[in-house]
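Residue numbers (this note's numbering): 5 to 295. The C-beta atom is built at its ideal place from N, Cα and C for all residues, glycine as well. For clarity, every value in this text was computed on a predicted model and none was experimentally measured. Structure first, commentary second.
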């Protein structure tokens with residue numbers, strides 16, 4: 005009876021230990037890459053430092069999950085010159101297969117568009133956007149319509165979003181961040197646990213500034229979803245700055261190479277293996293004691 009109870013205890017301990025190692029996050033401070041300035045040159049060194057931390061090379065549109073490197077999205081479609089914007093849509097799946105990233109919003113949809121020039125440019129929503137927003141890479145920007153929230157999830161490139169993946173770091177460039185607490189990156193594990201929320205720094209000029217925030221987790225944490233709060237107000241014809249209103253849009257995204265999420269069967273096999281080892285060890289000790 006005591007031996008059976010001990011087996012049960014060992015099994016429970018093994019499950020707790022392995023499960024904790026599998027799904028918990030290590031209590032370690034992530035590495036932040038944060039900067040702002042009047043133009044692209046002012047933040048270039050910080051963006052490049054984050055690129056280096058994510059790892060080389062830029063894997064572009066390679067349709068596979070690679071062991072190292074990063075992915076980038078600049079929304080420009082080969083520009084400049086100015087390329088027309090796209091109608092708002094959610095989910096936004098343009099880069100789902102080629103770069104393993106899918107974007108959604110609770111608003112009307114997400115669009116990639118220039119601040120001015122071409123069809124569907126942002127200044128058609130509000131003329132002030134022509135001067136309020138600038139680019140890190142010309143010419144188009146990325147923004148939700150009807151909301152200030154964008155959610156990013158990841159999958160193995162080449163699977164059309166069918167194989168979930170995680171990344172170890174994510175960063176984005178923002179334009180016209182006026183308030184230090186209006187724009188944030190919120191990170192979640194593949195199990196939905198919070199990995200923290202981080203403020204994007206305010207710009208250094210009243211219009212057209214650029215801000216960057218990149219967050220790298222290096223203690224075993226894996227990012228399953230990123231919620232991006234771009235400003236505190238959705239784009240609109242009457243959202244002129246003042247009274248705590250901060251309208252922000254996004255430019256380049258950079259993130260670590262998406263890695264496949266282990267299937268539940270893998271966890272079950274791992275638990276079984278640990279349990280069997282525990283049982284064999286216990287029986288061997290029991291026989292030694294009986295002798």
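{"Asked": "Cβ neighbour criterion (16 or more within 10 Å) applied to residue 267", "Found": "exposed"}
{"Asked": "Which of helix, strand or coil DSSP assigns to residue 129", "Found": "coil"}
{"Asked": "Anticipated Cβ contact below 8 Å, residue 259 with residue 173, distance rounded", "Found": "6 Å"}
{"Asked": "Residue 96 - DSSP class collapsed to helix/strand/coil", "Found": "strand"}
{"Asked": "CA-to-CA distance, residue 67 to residue 203, given in whole angstroms", "Found": "33 Å"}
{"Asked": "Rounded separation between residue 111 and residue 87 - CA only", "Found": "24 Å"}
{"Asked": "CA-to-CA distance, residue 100 to residue 133, given in whole angstroms", "Found": "28 Å"}
{"Asked": "Contacts around residue 186, its chain only, beta-carbon distance under 6 Å, and the 5 residues preceding and following it disregarded", "Found": "235, 236 and 250"}
{"Asked": "Reduced DSSP category for residue 103 - H, G, I as helix; E, B as strand; rest coil", "Found": "helix"}
{"Asked": "Check: residue 135 C-beta below 7 Å from any heavy atom of the ligand ATP", "Found": "Among the components of this structure there are no ligands whatsoever, and the ligand ATP is therefore not found."}
{"Asked": "Cβ contact check for the stretch 224–235 and the stretch 41–53: 3 or more pairs under 8 Å", "Found": "no"}
{"Asked": "Beta-ladder partner(s) of residue 262, from DSSP", "Found": "None; residue 262 has no bridge partner."}
{"Asked": "Outcome for residue 242 when other beta-carbon atoms lying within 10 angstroms are tallied against a minimum of 16", "Found": "exposed"}
{"Asked": "Same chain only: Cβ atoms within 6 Å of residue 221, ignoring 5 sequence neighbours per side", "Found": "34 and 172"}
{"Asked": "Limits of the unbroken beta strand (DSSP E) element including residue 153", "Found": "153–159"}
{"Asked": "Nearest neighbour of residue 70, chosen from 159, 182, 223 and 189 [CA to CA]", "Found": "159"}
{"Asked": "For residue 144, the residue or residues it bridges with in DSSP", "Found": "118"}
{"Asked": "CB of residue 217 within 8 Å of CB of residue 138, strictly", "Found": "no"}
{"Asked": "Collapsed DSSP secondary structure at residue 55 in the structure displayed", "Found": "helix"}
{"Asked": "For residue 251, three-class secondary structure by DSSP", "Found": "strand"}
{"Asked": "Residue 50, DSSP secondary structure in three states", "Found": "helix"}
{"Asked": "For residue 224: DSSP bridge partner residues", "Found": "DSSP, once it has assigned bridges, lists no residue as partnering residue 224."}
{"Asked": "Length of the line joining the Cα atoms of residue 192 and residue 264", "Found": "16 Å"}
{"Asked": "Neighbourhood of residue 125 by C-beta, 7 Å cutoff - its chain only, sequence neighbours within 5 removed", "Found": "89, 117, 118 and 119"}
{"Asked": "Per-residue burial, residue 40 [other beta carbons within 10 Å of its own, 16 or more giving buried]", "Found": "buried"}
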